[in-house]
Amino acid sequence: MKQLIAISYKNNKLDEKVVFKIACLLLRKDLKRYVRALKNYEKKRTVTVSLPSISRELIHKNEYLLKKIFPKKEILYKKDPLLMAGVRFSHHDTIFEMSLRNTLEQIAAHAGETDR
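To convert, count from 1 in the sequence shown and add 35; that's the working numbering.
Here is the structure:
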């Protein structure tokens, strides 16, 4: 399966023609495994940066730093209006959030623990 995933990409981009050819040759159960493996590979190579608002200037200003922190990863920006004054990084199964909402939730949880 790893070899199929490797040949499915050309210049770090998913090659639709190759994927279609592979999909036509696979049996149904193998096709399901292939699609699942592709999705998992995409998760591993993508870092999602969620922000309350997104501007080209903000992306341009932080692109170099993010590429340095996450080398060989695709950076995907996502607008999340529920995120108050902060940022959330998602990479595979790891989520790191620095936001006003998260800080307030941590304070409330800590206050709840000290009341006991």
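For each residue, glycine too, the CB sits at the ideal point set by N, CA and C.
Can you tell which of the options has its C-alpha closest to the C-alpha of residue i?
| i | options | result |
| --- | --- | --- |
| Ile130 | Glu51, Lys45, Lys79 | Lys79 |
| Ile110 | Leu62, Pro116, His145, Phe124 | Phe124 |
| Glu132 | Glu77, Val70, Thr83 | Thr83 |
| Asn137 | Leu118, Ala146, Asp128, Glu148 | Leu118 |
| Glu92 | Leu73, Asn75, Thr81, Tyr112 | Tyr112 |
| Pro116 | Glu77, Lys37, Ser88 | Ser88 |
Does DSSP put residue i in a helix, in a strand, or in coil?
| i | result |
| --- | --- |
| Leu66 | helix |
| Leu49 | strand |
| Phe124 | strand |
| Phe105 | coil |
| Leu93 | helix |
| Leu73 | helix |
| Leu60 | helix |
Taking the DSSP output, what are the residues bridged to residue i?
| i | result |
| --- | --- |
| Lys113 | Ser85 |
| Met133 | Val122 |
| Tyr44 | Leu49 |
From residue i to residue j, what does the alpha carbon distance come to, in whole angstroms?
| i | j | result |
| --- | --- | --- |
| Leu86 | His126 | 15 Å |
| Lys108 | Asn47 | 10 Å |
| Glu51 | Ser43 | 8 Å |
| Arg71 | Ala146 | 42 Å |
| Arg63 | Asp128 | 27 Å |
| Thr81 | Ser90 | 20 Å |
Item to complete: Count the C-beta pairs between the region 43-58 and the region 94-103 that are closer than 8 Å, then say yes if the count reaches three, no if not.
Response: no
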